[in-house]
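>
Residue numbers (the working numbering): 51 to 210.
#1: Assign residue 137 to buried or exposed, taking buried as 16 or more other Cβ atoms, counted over all protein chains shown, within 10 Å of its Cβ.
#2: Round the Cβ separation of residue 115 and residue 200 to the nearest angstrom and send it over; I've been treating them as touching at under 8 Å.
#3: Tell me, to the nearest whole angstrom, how far the beta carbon of residue 119 is from that of residue 197; I am working on the premise that it is less than 8 Å.
#4: Could you give the DSSP three-state label for residue 124: helix, strand or coil?
#5: Spatial neighbours of residue 168 within its chain, please: C-beta separation below 6 Å, excluding the five flanking residues on both sides.
#6: Nearer than 8 Å: is that true of the beta carbon of residue 175 relative to any heavy atom of the ligand PLP?
#7: If distances are taken between C-alpha atoms only, which option among 156, 161, 177 comes closest to residue 62?
#8: First and last residue of the alpha helix (DSSP H) that includes residue 51?
#9: So, using beta-carbon positions, are residue 122 and residue 68 closer together than 9 Å?
#10: Please give me, in chain order, every unbroken run of the alpha helix (DSSP H) with length at least 4 that falls completely inside the stretch 144-197.
#11: Looking at residue 165 and residue 186, is the spacing between their C-beta atoms short of 9 Å?
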């Protein structure tokens with residue numbers, strides 16, 4: 051477990067060591083706000099509803115996770131650090147799980163930053179929190195599936 055957490059910390063520090071994570075998070079939040087308020091015309095509908103948020107979430111998460119996973123393995127292969135990682139006393143599944151957890155932590159942080167939308171909508175009218183919690187849980191599970199696919203594709207390519 052220590053090896054997995056060490057790999058996760060290394061990947062997260064590489065994300066937050068450069069402005070890359072902030073750019074991805076900012077672009078995701080901007081796209082979320084754009085689709086929620088502009089495309090689905092939140093204020094013109096006159097209904098305090100967060101369904102448009104979860105209607106667009108699969109597509110937005112697809113782009114976020116693709117941007118996060120495209121460099122995971124291919125950059126390791128291109129820089130030659132994959133051989134070094136494989137000679138460490140870490141099993142291959144621990145490397146995969148560490149990279150997976152790093153992407154999922156970043157996705158969870160990004161989704162947590164969108165919580166202000168349901169909270170704001172709840173202030174405008176009565177809100178049943180069950181569908182909102184279910185929507186966020188579904189978004190996390192979908193992001194996990196996208197992350198697994200993205201990591202497997204990244205392991206097959208050499209260009210990040």
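Virtual Cβ for every residue (Gly too), placed ideally from N, Cα, C. In this text, all values refer to a predicted model and were calculated from it rather than measured experimentally.
With the given structure in hand:
#1: exposed
#2: 6 Å
#3: 6 Å
#4: helix
#5: 100, 182
#6: No copy of the ligand PLP occurs in the structure displayed, which carries no ligand at all.
#7: 156
#8: That residue, residue 51, is in no alpha helix (DSSP H); it is neither H nor E in DSSP.
#9: no
#10: 166-174
#11: yes
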